[in-house]
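There are 2 protein chains.
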Amino acid sequence: MSKSMRKLNKIYLDYAASVKANPSSIHSAGMEAKIKLQNSRKEVANILGARLEEIIFTSGGTESNNLAIQGVVLAWQGKGLPHIITTNIEHPSVLKTFKLLERRKLAQISIVAVEPNGIVDPKKIKNEIKKNTVLVSVMYANNEIGTIQPIKEIMKEIRHYKKTSRKQGLSLREFPQGQSLLFPIFHTDAVQAVNYLDLNVEKLGVDLLSLSGSKIEGATAKAGQAGRVGILYKKKTIKLEKIFGGGDQEIGLRPGTENLPAIIKFSKALKSAQNIKEKETERLTSLRDYFFVKLLKMPFNIKINGDLQNRLPNNVNITFLKIPSDLLVIELSVKGIMASSKSACESSRAEGSYVIKALRPEANGEVGGVRFSMGRKTTKKDIDYTIKALSQILTKLKKWY
Amino acid sequence: MSKSMRKLNKIYLDYAASVKANPSSIHSAGMEAKIKLQNSRKEVANILGARLEEIIFTSGGTESNNLAIQGVVLAWQGKGLPHIITTNIEHPSVLKTFKLLERRKLAQISIVAVEPNGIVDPKKIKNEIKKNTVLVSVMYANNEIGTIQPIKEIMKEIRHYKKTSRKQGLSLREFPQGQSLLFPIFHTDAVQAVNYLDLNVEKLGVDLLSLSGSKIEGATAKAGQAGRVGILYKKKTIKLEKIFGGGDQEIGLRPGTENLPAIIKFSKALKSAQNIKEKETERLTSLRDYFFVKLLKMPFNIKINGDLQNRLPNNVNITFLKIPSDLLVIELSVKGIMASSKSACESSRAEGSYVIKALRPEANGEVGGVRFSMGRKTTKKDIDYTIKALSQILTKLKKWY
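Chains as they are written, first to last, in the numbering used here: chain A, 530 to 930; chain B, 530 to 930.
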């Protein structure tokens, strides 16, 4: 058959196989899709300093965090009750997963309280490590207050513990043969860090790292068209148990046809975010500090939530004493300004932010904090307008509060 | 502030909240997204004859099936070991989930063998129901051989069992108070049925029903841009336990920001598929039967896999005795024809199709079956070309096999 004839007769008779480019199909359309999938995987692996087979595509950050935490705990089943450690300001997809596993009697949990500046003390993490601790999960940067956790210092504490316990022969006695080097495994939820912080897993010293496509600027630039996709970096030596039963996709850990169009956009957006990271970090840091200065100059009683230095360049989070932040967000929205009062993932609850509560347990939960999170398109003019709008709103609200 | 001024100042300071339209955000952009999400949910609910709060959006069919099966089993924990029933030709996301739950000692499982025509006998399902049976999961239509299962008949058997066991007072003794009406719960994986069969949950009599966006024609028409999305219909009275820890999205059962662009496309595509269902079913049925007649007229030893009548209008699955179907798929691909030899979800395994094996246990697994699955764009000309290509390939291969 001539080549031109072949071109005339491209017949697709694989409609039942999902999208017209299922990377698991063995015909040529499937092979093309497979190559594209692997190229995206390579792109992501390069940025993280990881190997190709260490990148698992998932449906988003929530699934990545669940696969990391549940995956370690489930892989441990039958070897005694495992113990896992996290902090009290993690994203719900970490904190609630810990509570889920505790409720199902699959794990003992320790939740370490952060300091009043929203940063966890690595020594306090270390002090919680026990003989049966299989996992430490600490977020890279907080989603509400933007504080950056000392990942490398925590990693050093974990490594020190491993070395010491090995010396005492503890691990070999307590853990299945050969696994003494592995536990506790270190996971970080890097979802909010993706645009601004170093993502090299070698330098960070993490075994598991979660990212979400929806938090990468560019992945969603055009009306959020990238769809939902996430990754879990899993160090080759770490054994996870899958959550879903199903097909063999993603080294057997994530069944279901891969979301190829979203994965391609994810890898491109990640690369582009990396390219402008330094410049954007610099620009947004000075914008953020300008915002803080303007806020503190206002004649209202304001508290800044979270450390001022170790914080994402795009995050501003403040509490206006006595004024409920939900109300402020709605008033700001009327003036065309979209801000947030707590994690959107928690917004159907009537309670205030648990993150703000963790910083000031004595404060009124209902007041909470208002988060302004900036991006590529945010300008100084936007900040000036926001300050002006806030001033008008607060002047009005002051009469009632 | 004047309206025009407001328009000039639309400032987005919620970059940390995922996509620029997080349905859980309380500002106006979030509210708009929430309305769109609910409109899509309403569209889907209408088509299924369900209520708004009975539709849960997930990341795809695999997750929907897992949420249904694991959800029932996990909700049962602490009340004794539950028993669950399925068939031996289910999709891996059902069959492997059953095996996962058995391996984790969370459930007893029964796997009912289908008849040689690929259809399960409802009586055989009924015979497996025990006092601790909490779930029966039978697919609506098979992904490889297209056979349509007698869902309504199985439903009648289950209802009969419920009535009888209630009369004997069994349920009240065995099950927690008030749940006698519920068990066994009936789930169907309707992923492959979506384009051609009746999806009214009331008429089908199911409690749980899974759909996947990637199998709806139109959802992926433009290069698969709909992304991965699925739904689980959950009858209001059924209690499920979530799989993921995280936010409160999707009545708490599916944490993670909703994939709104994909959800909107899903609901539109589902509606459009419903609108042309009858016409397409008629057209494809005659095309399918034309294909079968042509195949049977060929001078080769051919076996048709699966019942000829109770079968999806777009599915043709055949075995060429002695010739490995993987080889045939590759040869067809060279001629520009994309077919399939087994579920793409299983393609990384060297074994042949377990579905074909279930129909003819004595057959050589490696030979398997070749599936041609047609769609909106498939024409009679495509079938003629495929028959011609097959004839050329088989003539060539006959020399070696």
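Don't be surprised by glycine CBs; every beta carbon is placed ideally from N, CA and C.
Can a CB atom of chain E be found closer than 9 Å to the CB of residue i?
i                     : result
valine 663 of chain A : Within the model displayed, chain E is absent; protein chains A and B are what it includes.
Give the secondary structure of residue i by DSSP, where H, G and I count as helix, E and B as strand, and everything else as coil.
i                            : result
tyrosine 541 of chain A      : strand
tyrosine 762 of chain A      : strand
asparagine 846 of chain B    : strand
methionine 684 of chain A    : helix
arginine 900 of chain B      : strand
aspartate 836 of chain B     : coil
phenylalanine 715 of chain B : strand
leucine 813 of chain A       : helix
threonine 908 of chain A     : coil
phenylalanine 586 of chain A : strand
isoleucine 613 of chain B    : strand
isoleucine 859 of chain B    : helix
isoleucine 576 of chain A    : helix
isoleucine 866 of chain A    : strand
leucine 782 of chain B       : coil
isoleucine 564 of chain A    : helix
lysine 794 of chain A        : helix
leucine 603 of chain B       : helix
serine 569 of chain B        : helix
isoleucine 922 of chain B    : helix
serine 554 of chain A        : coil
serine 694 of chain B        : helix
Which word fits residue i, buried or exposed, when buried means at least 16 other C-beta atoms lie within 10 angstroms of its C-beta?
i                            : result
glutamine 921 of chain B     : exposed
lysine 928 of chain B        : exposed
isoleucine 912 of chain A    : buried
arginine 688 of chain A      : exposed
serine 815 of chain B        : exposed
leucine 813 of chain A       : buried
glycine 897 of chain A       : buried
tyrosine 669 of chain B      : buried
threonine 473 of chain A     : Because chain A is modelled from 530 through 930, residue 473 of chain A falls outside the range shown and cannot be assessed.
glutamate 572 of chain B     : buried
tyrosine 762 of chain B      : buried
arginine 900 of chain A      : buried
leucine 581 of chain A       : exposed
asparagine 846 of chain B    : buried
isoleucine 564 of chain A    : exposed
threonine 717 of chain B     : buried
phenylalanine 773 of chain A : buried
leucine 919 of chain B       : buried
Taking the alpha carbon of residue i as the point to measure from, which residue in the options has its own alpha carbon closest?
i                            : options                                : result
serine 882 of chain A        : A:Asp855, A:Ser862, A:Gly865           : A:Asp855
proline 842 of chain A       : A:Tyr762, A:Ile780, A:Val896, A:Asn724 : A:Asn724
phenylalanine 795 of chain B : B:Ile745, B:Lys917, B:Leu711           : B:Ile745
isoleucine 760 of chain B    : B:Glu787, B:Asp777, B:Phe773, B:Lys768 : B:Glu787
proline 890 of chain A       : A:Leu728, A:His612, A:Gly904, A:Asn646 : A:Asn646
threonine 626 of chain A     : B:Gly775, B:Ile614, B:Gln567           : B:Gly775
phenylalanine 849 of chain A : A:Met827, A:Ser862, A:Gly607, A:Ala798 : A:Met827
threonine 908 of chain A     : A:Ser869, A:Glu809, A:Asn846           : A:Glu809
isoleucine 780 of chain A    : A:Glu631, A:Lys565, A:Glu583, A:Ala798 : A:Glu583
valine 641 of chain A        : A:Gly904, A:Asn834, A:Val884, A:Lys910 : A:Val884
leucine 969 of chain A       : A:Lys659, A:His612, A:Ser554, A:Val643 : There is simply no residue 969 of chain A to check, as chain A begins at 530 and stops at 930 in what is shown.
lysine 691 of chain B        : B:Lys660, B:Glu770, B:Val667           : B:Lys660
phenylalanine 715 of chain A : A:Leu799, A:Val601, A:Pro790           : A:Val601
Any heavy atom of the ligand MN within a distance shorter than 8 Å of the CB on residue i?
i                      : result
glycine 881 of chain B : Looking at this structure, you won't find the ligand MN or any other ligand, since it has none at all.
Within this structure, are the beta carbons of residue i and residue j separated by less than 9 Å?
i                         : j                         : result
valine 720 of chain A     : serine 593 of chain A     : yes
isoleucine 852 of chain B : leucine 782 of chain B    : no
leucine 596 of chain A    : leucine 738 of chain A    : no
isoleucine 674 of chain B : histidine 556 of chain A  : no
proline 713 of chain A    : threonine 766 of chain A  : no
isoleucine 540 of chain A : isoleucine 831 of chain B : no
isoleucine 648 of chain A : aspartate 836 of chain A  : yes
glycine 589 of chain A    : serine 741 of chain A     : yes
threonine 587 of chain A  : serine 622 of chain A     : no
aspartate 758 of chain A  : isoleucine 805 of chain A : Reading off the sequence, residue 758 of chain A comes out as valine, not aspartate. Not closer than 9 Å, so no.
serine 902 of chain A     : aspartate 543 of chain B  : yes
leucine 603 of chain A    : arginine 633 of chain B   : yes
isoleucine 677 of chain A : asparagine 839 of chain A : yes
What are the uninterrupted segments assigned as alpha helix (DSSP H) that are 4 or more residues long and contained completely in the segment 618–670 of chain B, given in chain order? 621–632, 651–657
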